[in-house]
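Following: one structure in structure tokens, then a few remarks.
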Amino acid sequence: MSTGQVGNDAGGNPRWQCPSVRCGSFNFEQTNQGIFCVDCGAVIEESNFDLSVSFSDNNDGSRSVNGQFVSTMSTTPYRYAGAGGVGFNRESREVTIANGKKRIQQLAASLKLNHFVEAAHRLFLQAVQRNFVHGRKTTNVVAACLYIVCRQRSAPTLLIDFSDILQTNVFVLGNCFLKFRRLLNIPLPAIDPVHYIDRFASKLEFEDQAHDVARTAHKLVARMKRDWIQTGRRPSGICGAALIIAARMHGFHRTQKEVVDVMKICEETLRKRLVEFQATPSGSLTVEEFLQIDLPEEADPPSFTRNREKEKLEEMKKNGELPASATSLIPLLTNGGTDEANGVSKKLGKRQQINMERAQAQLDLYSSLEAELKASLESFELQQAEKEVQKEKSVEDIAQKPFPVPRLPESVRKEKEQVPEAPVKEKAIPTVHSVKRTPEVENMPTEEEDDALFDDEIECMLLNPEESRRKKVLWKVTNKEFLEKEKQDRLEGKVKRKRKRKRKVLGPASSAAEATKNMVETKKLSKKVNYEKWKELFET
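So for the sequence shown, full-length UniProt numbering puts the first residue at 1; every next one is plus one.
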């Protein structure tokens, strides 16, 4: 109640009294600008806003509330359309909320997460209230809201799954997710790779033993967690290493490429997880021992072990136990963790450091492919090579055996002795050794000197025997499916022969114009040329 209001009259309208002590009049005037005293002109109320709820009677006898509804998510009331309109206008914030809910429903339907729509929509409303959607794509904010709900409910959905559907960089989505989580201060549990094993195991086609393989993979993940391999690592790499080991323990041969395609990780990541598990005491156990024995001790973290190896190499270097050629490889073998290693890498230069990293990555790739080739089934090309080697050996054995020379009869041998020898011609053809070496011939470079004249760049392009062998292994692994299919077709007698294209032979032309005309009609040089007009040029 304001200062000048003293009560209501008989009609329910408020009564006002002048607040001035000298006046105290009850005569007031109410306008749009406020309420004023008629006698002295004092301002009783500056604005005339009625904050009370009022009702009015309708023609049909019902009652309705006077005024307009203003939502907590908007700043203005709904504005109804005119006589010709059928709807109403909404402000941009309400349109953003409606579009966000629609995008949430579409994205959840694509990932089969329809039961998370309401929870994600509540997070999206908070993002709109805090203006988090300003300057960001609605799809990125929607993906962040859904991913937070998936993390809270331990759903087997990764952030890269949202990236595949939205065709957006996964790091952009990750940046949006981290900022939104920090804004709302939402506590999320750490990612447990166990939640993703069943999902990935169903994609690797283990048939009836999928449950057994998944159970073994669960045990492997628990062992990796105890050996500090899981800490700080992405769940997809841990799941991939556990599943490929569990698959081979149950007799399924799954290559690294098949697992990488399902997990959506790099082969180098999978190889590192396998190497780290192999370095633990559990990695040296057999299948039966691992399934029956649970080692109580824990292995050291991989980073701790790597630093100890690095310190050992540094100590060997100081004591002079390492050769000079191996000292330059210490930063590469230890991944450069000290200031000294970083200083060495800076001295090498940026380009040389990149080349060394590429060479190391290529060497790791070749070693992994070679190990995979040895573990895989026997290739057709290897069998063919063995057959060729055996065939060549048999031919050499036959060639080394003395060939039986037939003995001539005595009558034929006597006749041969009686035949006089033909006289040697004076101008016979000279032999190679009888030709005198001229100075020009002597000054010509030999083959060894020609090889020495090769340019350095050309020599870098030539592969040594070890590199050629690795490249051959890489080619065989890459084209394994093609070689097996070619072998099957060859056994079935399916040989595809390329048909030679028959070229139309043009006869001799009577003139140059006729030859040009025949050439243009045969080759059809361009679609933009009007060949009808072209023919008219030769007819005139």
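Virtual Cβ for every residue (Gly too), placed ideally from N, Cα, C.
| message | Taking the straight line between their C-alpha atoms, what separation do you get for residue 199 and residue 169? | response | 23 angstroms
| request: List the residues that DSSP assigns as beta-bridge partners of residue 547. | output: Not covered by the structure: residue 547. The range shown for the chain is 1 to 540.
| message | Quick check on this structure: which residue in 220, 283, 127 has the alpha carbon closest to the alpha carbon of residue 148? | response | 127
| Count the other CB atoms within 10 Å of the CB of residue 216; is the residue buried (16 or more) or exposed (fewer)? | buried
| said: Between residue 162 and residue 173, how many whole angstroms is the CB-CB distance? I'm expecting something under 8 angstroms. | reply: 6 angstroms
| message | Could you check whether the region 280-290 touches the region 252-267, counting it as contact only if at least three pairs of C-beta atoms, one from each stretch, sit closer than 8 angstroms? | response | no
| said: Less than 8 angstroms between the C-beta atoms of residue 221 and residue 242, yes or no? | reply: yes
| query | Given that a residue counts as buried once 16 or more other Cβ atoms are within 10 Å of its Cβ, and exposed if not, what is residue 527? | reply | exposed
| Would you call the CB atoms of residue 208 and residue 298 closer than 8 angstroms? | no
| query | Quick one: Cα of residue 289 to Cα of residue 278, how far? | reply | 15 angstroms
| said: Bridge partners for residue 36 per DSSP, in chain order? | reply: 29, 43
| message | If you measure between the beta carbons of residue 240 and residue 270, is that distance less than 8 angstroms? | response | yes
| 6 angstroms CB neighbourhood of residue 214 in its chain, flanking five on each side removed | 197, 198, 201
| said: Tell me the DSSP secondary structure of residue 228 in three-state form. | reply: coil
| Residue nearest to residue 31 in terms of C-alpha spacing, selected from 475, 53, 258, 45 | 45
| task | Return the first residue and the last residue of the alpha helix (DSSP H) that residue 197 is part of. | result | 194-203
| task | Kindly identify the DSSP beta-bridge partner or partners of residue 475. | result | DSSP output for residue 475 lists no bridge partner at all.
| task | Write down the C-beta distance between residue 108 and residue 114 rounded to the nearest angstrom, noting that I regard them as a contact closer than 8 angstroms. | result | 5 angstroms
| request: Evaluate residue 475 with the Cβ neighbour count: other Cβ atoms within 10 Å of its Cβ, from every protein chain shown; 16 or more gives buried, anything less gives exposed. | output: exposed
| said: For residue 166 and residue 138, which I take to be in contact (beta-carbon distance under 8 angstroms), what is that distance rounded to the nearest angstrom? | reply: Their Cβ separation, rounded to whole angstroms, is 11 angstroms, which puts residue 166 and residue 138 out of contact at 8 angstroms.
| Cβ shell of residue 117 (< 7 angstroms), same chain only, five flanking positions each side left out | 104, 105, 108
| request: Using three-state DSSP, classify residue 340 as helix, strand or coil. | output: Only weak support exists for where residue 340 lies, its pLDDT of 40 falling under 50; the coordinates are left without a value.
| Top-ranked residue by Cα proximity to residue 185, from 91, 130, 153, 230 | 130
| Is the beta carbon of residue 256 less than 8 angstroms from the beta carbon of residue 268? | no
| task | Using only alpha-carbon positions, find the residue among 529, 530, 534 that is nearest to residue 513. | result | 534
| Which value, in whole angstroms, describes the spacing of the CA atoms of residue 295 and residue 281? | 8 angstroms
| task | Report the residue from 219, 43, 316 whose alpha carbon sits nearest the alpha carbon of residue 293. | result | 219
| residue 181: first and last residue of the uninterrupted alpha helix (DSSP H) it sits in | 170-184
| query | Just to confirm, are residue 265 and residue 303 a CB contact at a threshold of 8 angstroms? | reply | no
| Excluding five sequence neighbours on each side, which residues of the same chain lie with their C-beta closer than 7 angstroms to the C-beta of residue 143? | 107, 162, 166, 173
| Distance between residue 25 and residue 35 (C-alpha atoms, nearest Å) | 13 angstroms
| If we count the other Cβ atoms within 10 Å of its Cβ and call it buried at 16 or more, is residue 112 buried or exposed? | exposed
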